[in-house]
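Structure first, then comments.
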Amino acid sequence: MDTAAGKTAEHVPPERPALPPEIAELTDPGHREDPYPYLDRLRERSPYKPFDGLVVVGRHTQISSLLRDPAMSSARDRATLAPTPRGPRTLNFIHLDPPDHTRYRRLVAGAFARRQVAGLEPRIREITAGLIAAGAESGTFDVVAGLAYPLPLQVICELLGVPFEDRQQLQDWTGVLSEELEPPLGGAPQPPAREATRARAGFVAYFRTLIEARRAHPRDDLISHLLQVEEHGEQLDDAEVLATCVLLLNAGYETTVNLIGNAVLALLRHPDQYARLRADPVRRAPAVVEEVLRYDAPVQMTTRVAREAGSIGAAELRPGDTVLLLLGAANRDPEVYPDPAAFDIDRTPAAPHLTFSAGPHFCLGAGLARLEGAVALELFATHLDAPRLRPGELVYRPNLNLRGPARLPIALDAVRPGRVPGARSAAPAEGRSHDA
Ligand code: HEM
């Protein structure tokens, strides 16, 4: 396979053999609304090699152990199938393996810990309450535009110390780059090369300026903490701070948008479950978040690259093979979750869902995403009277991996006036803690 061809901005990916029917069905844009029948089939068939260079895995136990397997690398640029990066790249730690990953992540986690997630809760409540009140006043409300998008964007901007007035620009760049997270299957959208290059270069220039400003005048924000953090005499260099800013903005934003969108959709489609949430929103919202993360994962897949020859079940592995891990399919594995297609907020699963990954790359922002999701759902259930889906108005994003609605307009009877909402504890509950 000619990966060198990808060096020009006009690169057209090499021709692949015709996709096997199960994968063609999954990637068919007409199936975004419900990809689960196709994911079920892929899981049952997996592990298998649909074409040279790719192994698909969908079973929970196998994915769970592969995510912890040192023979599986996160250096995606080693993959035979990898598209050559376009434009200026920042090397963030999601693409590194131990021991480089260990040092880099520990330093970022140290800076992250200084802005305690629990300490963000009052502000998250304030932002959420304002969005719900403003958006719902009109009697119709697009949950995505009015709540799911602006909440995580504002939170991540404030956390990093990024001026909120720049949000439209950041949102545009993030949107372009999120399309690049699509799996190497074909069929899913890819941004035009020039657009992706521009978005990447825009991020780099933007954060370079901001980092210089924070170095000169530190504040109590994450960029300043990233510049100052030190452990065992080690620090992050400027390139690492820059790469981390880009990663946090991208990883921490579109994902949480989808969590909130998928959650509201699942609740409104399951009135019995919504009634349970409404009966006790403060206590039940975190359970809803966990069940949505399992039932309709906002991040559907990730990849690893085989370091060496071997096998996964009957599928033979060659060095450089991409291993596509179907997290969303694993979360519906009937060997782990009885009645996996049922949305049940009182479920007590035998094993954690894999939506935040597992092992050394377990999502660094899981606590923040859970908190934002829980506050959004609690206030949604508390303040909106009789929210209802508007038939025919739901539109899905074209992405296969970052899965969620692009538009979710609802009708409602009224917005109930706010009360002073009680604080919830943001400490990760037992069995939901960082899993490294
Ligand atoms: C529902 C929301 C979210 C989901 C579903 C999600 C999912 C994931 C997944 C699957 C990974 C690991 C990928 C892999 O193993 O290859 C990951 C890593 C990561 N996530 Fe999240 N994420 C979410 C929200 C956030 C937020 C809010 C932040 C930060 C503000 C964040 C920051 C990160 C970082 C820094 C990593 C890299 C960890 C590492 O490589 O060690 N994520 N996330």
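Going by the numbering used here, the sequence shown opens with residue 579, and the numbers climb by one from there.
Heads up, the beta-carbon is just placed ideally off N, CA and C, and yes, glycines get one too.
Between the alpha carbons of K627 and L604 lies a gap of roughly 16 Å. Nearest to A817 by C-alpha distance, out of D850, L645 and V782, is V782.
Remark: the C-beta of C941 is in contact range of the ligand HEM, defined as less than 7 Å to any heavy atom. A direct Cα-to-Cα measurement between L698 and L597 gives close to 46 Å.
With respect to the 8 Å criterion, E950 and L748 are not classified as neighbours on the basis of their beta carbons.
A distance criterion of 7 Å places the beta-carbon of V722 beyond contact range of the ligand HEM, judged by its closest non-hydrogen atom.
Rounded to the nearest whole angstrom, the C-alpha separation of F921 and R656 is 38 Å. Around L669, the same chain offers A821 as residues with beta carbons nearer than 6 Å, after the five sequence neighbours per side are excluded. Assignment of E699 by DSSP, reduced to helix, strand and coil, places it in the helix class.
For T718, the enclosing beta strand (DSSP E) has its first and last residue at T718 to D720. DSSP places G888 within a strand segment (E or B) once states are collapsed to three. Between P938 and H679 a beta carbon distance of about 6 Å is seen, short of the 8 Å cut, so the two are scored as contacting. Here the alpha carbon of A712 sits roughly 31 Å from the alpha carbon of L788.
Using a Cβ distance threshold of 8 Å, R701 and E736 count as a contacting pair. D911 is classed as buried because its beta carbon has at least 16 other beta carbons within 10 Å across all chains shown. Membership of Y614 in the alpha helix (DSSP H) is indicated by the continuous run Y614 to R623. Using a Cβ-Cβ distance cut-off of 8 Å, the segment 893-904 and the segment 825-845 are not in contact, since fewer than three pairs of beta carbons, one from each stretch, lie closer than that value. Collapsing the DSSP output to three states places R882 in a strand.
Taking C-alpha positions only, R854 is separated from D924 by approximately 9 Å. Looking at W751, Q732 and L645, the one whose alpha-carbon comes closest to that of E743 is Q732. The three-state reading of DSSP puts R776 in helix, counting H, G and I together.
If you draw a straight line from the Cα of T833 to the Cα of P859, it comes to about 23 Å. Under DSSP, Y852 shares a beta bridge with no residue. Inclusion of L955 and A707 in the CB contact set at 8 Å is not warranted, their separation being larger than that value.
A875 and P625 do not touch by the CB rule: their CB atoms are close to 19 Å apart, not below 8 Å. Taking the Cβ atoms as the reference, L980 lies roughly 20 Å from L632, outside the contact range of under 8 Å. Distance check between L871 and each of R778, L759, L755 and G945 places G945 closest, using alpha-carbon atoms only. An exposed status is given to G891, since fewer than 16 other beta-carbon atoms sit within 10 Å of its beta-carbon. Contact check for I672 against L800 fails: the beta carbons are separated by 8 Å or more. Approximately 5 Å separates the beta-carbon atoms of M879 and P761; this is inside 8 Å, confirming the contact.
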